[in-house]
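Report on the following structure.
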Amino acid sequence: MEQIISKELEEAVNQKTKEMRKEKFIKEQRFLFIFLACLVIALGVWYFTRSKAEKVILSCWWSYHSYWKLDDVTQNPDTGDIKAVFNYKSYDKYHEDWLKSIEKPYRKLAEKFPDNVVSVTFDCKDALIGFTQESDGLYVYSMQNIERLPVREVAEMFPETKKLCWYIWHGDIEEIQGFENLESIGISPEITTQERQKIKELFPNCEIFDSAYDLLATYHLLTTAGENQETSTKNIDTETMGDDNQ
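If you use the working numbering, the sequence shown corresponds to residues -1 to 244, in order.
This is the structure:
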């Protein structure tokens, strides 16, 4: 008799334990569902409150997220002009493909806003490269202190470039032959006579400026790196001239 009662009691305890476990599982699943639902709603609200330009950039997040972080994107309400700034994630670790990773965000914006001025800057501390799509073509500018932005690769990825503004030139001038129809070029330090001759051989109608800053100032091409950009470029030219005098 005692064995029967003990067995029934054991079964009852086991049944109760199963019910408690099931109830706990249901509560955990319910909590997880509510959490995920709230997360989806929050992400949805966040995404749909983004500007059209920011949505375009986010659509190609996979192509740049390994190296770049979107710092800011704005669109002028009157003109529709777009400015986007990316910062390199790790200044101490550079990857050989980082230059390739910048193509998609610019291309996407230029494709979605063909009638607007689109300026995209990629800032990696000791090197900066930017792209500005204007009505008369693509303008590419660069500020750099080390050999990290080969013009040859830029020419391969953006052969349609019309204006090239390049600070601290490291390579051979023949690297520009990858461009299809370069109309204006400004390089710092000052372009040599031999380089001028080579440029004219490659692009007879190309306008050659004495320095990168001269090209920038002539066309009033403002970058998205901030209001201090022009001051920075002036400083670079001054430092370069000082080095030449030495």
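Note that CB positions come from ideal geometry on N, CA and C, so glycine has one too.
Note that the coordinates shown come from a computational prediction; the quantities given were computed from them, not determined experimentally.
Since residue i is in the alpha helix (DSSP H), which residue starts that stretch and which ends it?
i    : result
Q192 : 191 to 200
L107 : 101 to 110
W59  : 59 to 62
I55  : 50 to 56
D212 : 210 to 216
Using C-beta distances below 8 Å, list every residue in its chain close to residue i, excluding the 5 sequence neighbours before and after it, in chain order.
i    : result
M18  : none
C204 : L180, E181, S182, I183, I197, K198
R194 : I206
D208 : G184, E188, I189
Using only alpha-carbon positions, find the residue among the options that is nearest to residue i.
i    : options                : result
A51  : L107, A10, K14         : L107
K160 : E132, Y137, P202       : Y137
I189 : I171, L97, L200, D76   : I171
W164 : E193, I127, L180       : I127
Y284 : I39, S182, N114        : Lying outside -1 to 244, the shown extent of the chain, residue 284 is not represented and no answer is given.
W167 : M141, F156, M155, E178 : M141
S99  : D212, G176, K87        : K87
E202 : L180, L213, D212       : Residue 202 is actually Pro in this sequence, not Glu. Looking at the Cα atoms, L180 is the closest of the given residues.
L210 : S186, F177, T191       : One detail in the question is off: residue 210 reads as Ala in this sequence, not Leu. The residue with the shortest Cα to Cα distance from A210 is S186.
S133 : A125, P112, E151, V149 : P112
E101 : E151, F177, E9         : E151
Y104 : L214, F156, P75        : F156
S49  : T191, N74, F33         : N74
G135 : E154, A35, E178, Q13   : E178
P148 : K14, S57, D95          : D95
A125 : V115, F207, Y139       : Y139
D76  : A10, V115, D208        : V115
L213 : E21, Q131, L37, L162   : L162
T130 : F23, D79, I206         : D79
L245 : E154, E21, E9, S57     : With the chain represented from -1 up to 244, any question about residue 245 goes unanswered, as that position is not in the structure.
Got a sec? Which residues, its chain only, sit under 6 Å from residue i by beta carbon, not counting five neighbours each side?
i    : result
N85  : K67, D69, D121
K110 : V54
F33  : none
Only counting the same chain, and skipping five residues up and downstream in sequence, which positions put a Cβ closer than 7 Å to that of residue i?
i    : result
E196 : The question names Glu, but residue 196 in the sequence shown is Lys. For K196, where only same-chain residues beyond five positions count, the Cβ hits under 7 Å are I171, E172.
Q175 : L200
S57  : K106
Between which two residues does the beta strand (DSSP E) harbouring residue i extend?
i    : result
I183 : 182 to 186
L68  : 66 to 73
K81  : 80 to 86
D170 : That residue, D170, is in no beta strand (DSSP E); it is neither H nor E in DSSP.
D121 : 116 to 121
F207 : 205 to 207
Determine contact between the stretch 12 to 31 and the stretch 60 to 69, defined as no fewer than three beta-carbon pairs at a distance below 8 Å. no
Write down every uninterrupted run of the alpha helix (DSSP H) in the stretch 123 to 165 whose length is 4 residues or greater and which is fully enclosed by it, in chain order. 149 to 155
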